[in-house]
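Here the sequence shown stands for residues 1 to 197, where the numbers follow full-length UniProt numbering.
Each residue gets a CB set at the ideal place from its N, CA and C atoms; glycine is no exception.
Presented below is the structure to which this report refers.
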Amino acid sequence: MKIALEYLTSKDKILAEIIENFGDPIIQKREEGFASMCHIILEQQVSIASAKACYEKISNHFGKVTPISINNATEDELRKCGVSRQKIIYLKHLAKKVIDNQINFESFASKSEDEIRAELIKLKGIGNWSIEVYLMFCLQTPDIIPLGDIAIKNTLKELYNCKTKEEMEVISNSWKPYRTLASFIVWHYYLKKRNRI
1 MKIALEYLTS
11 KDKILAEIIE
21 NFGDPIIQKR
31 EEGFASMCHI
41 ILEQQVSIAS
51 AKACYEKISN
61 HFGKVTPISI
71 NNATEDELRK
81 CGVSRQKIIY
91 LKHLAKKVID
101 NQINFESFAS
111 KSEDEIRAEL
121 IKLKGIGNWS
131 IEVYLMFCLQ
141 TPDIIPLGDI
151 AIKNTLKELY
161 NCKTKEEMEV
171 ISNSWKPYRT
181 LASFIVWHYY
191 LKKRNRI
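Right under this line is the structure:
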């Protein structure tokens with residue numbers, strides 16, 4: 001991480017100022033697999049805290065978040081854990097795909113980013129943001145920027161005066177090949193400014 005940090009802070013004075021003012025970012029690592037993708041689905045368009053609470057309720061209720069436990073769960077059980085109707089559809093679809101061996105999370109370690117994207121994008125309720133978060137947090141892919149993330153978008157608008165996605169892409173392209181770390185720095189700033197960490 002040290003080499004990547006030095007590279008980014010030498011190229012981008014705004015990232016350097018974030019590190020200087022707020023310290024190094026927290027690099028989160030999540031386990032690979034079905035449970036983490038379920039957690040990511042729950043995080044779609046809600047706060048981190050809300051998704052975490054929902055995931056913990058599911059985990060406590062079923063003992064473990066597995067394809068079998070989600071597949072066998074009733075809609076009512078999942079609703080009582082705080083899962084929306086739409087996300088119940090997504091979770092059950094994912095569980096069925098894993099049970100039917102149409103998705104094998106263990107195989108991702110030996111696949112390219114493009115191959116993983118191609119497999120996951122076919123799944124109901126999983127778009128670019130969910131795939132990028134999985135690549136970053138679970139597989140530690142080094143060069144990902146989730147430009148669909150609201151915190152990333154808002155921070156780039158605030159700090160770099162970006163008005164369009166194209167402008168954001170120009171800024172983020174200058175962070176290659178360490179866009180994942182740059183994303184963590186941007187998130188770190190966003191959360192620190194709002195006293196969330």
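Residue i: first and last residue of the uninterrupted alpha helix (DSSP H) it sits in
i, result
"R79", "E75 to K80"
"R196", "Run containing R196: none; DSSP gives neither H nor E here."
"T9", "K2 to K11"
"Y160", "I150 to Y160"
"E106", "Premise fails: E106 is in no alpha helix (DSSP H) and is neither H nor E."
Residue i versus residue j - alpha carbon distance
i, j, result
"K13", "P177", "17 Å"
"Q86", "N71", "15 Å"
"D143", "T180", "5 Å"
"residue 229", "K52", "This structure leaves residue 229 out entirely; the chain is present only between 1 and 197."
Assigned exposure category for residue i - 16 Cβ within 10 Å defines buried
i, result
"D100", "exposed"
"E119", "buried"
"E132", "buried"
"S50", "exposed"
"D149", "buried"
Whether residue i touches residue j by CB criterion (8 Å)
i, j, result
"V83", "C54", "yes"
"F137", "R30", "yes"
"W187", "A151", "yes"
"L123", "L94", "yes"
"G33", "Y90", "no"
"M1", "I26", "no"
Three-state secondary structure (DSSP) of residue i
i, result
"C38", "helix"
"K64", "coil"
"E43", "helix"
"V133", "helix"
"S69", "helix"
"D114", "helix"
"N101", "coil"
"C138", "coil"
"S174", "coil"
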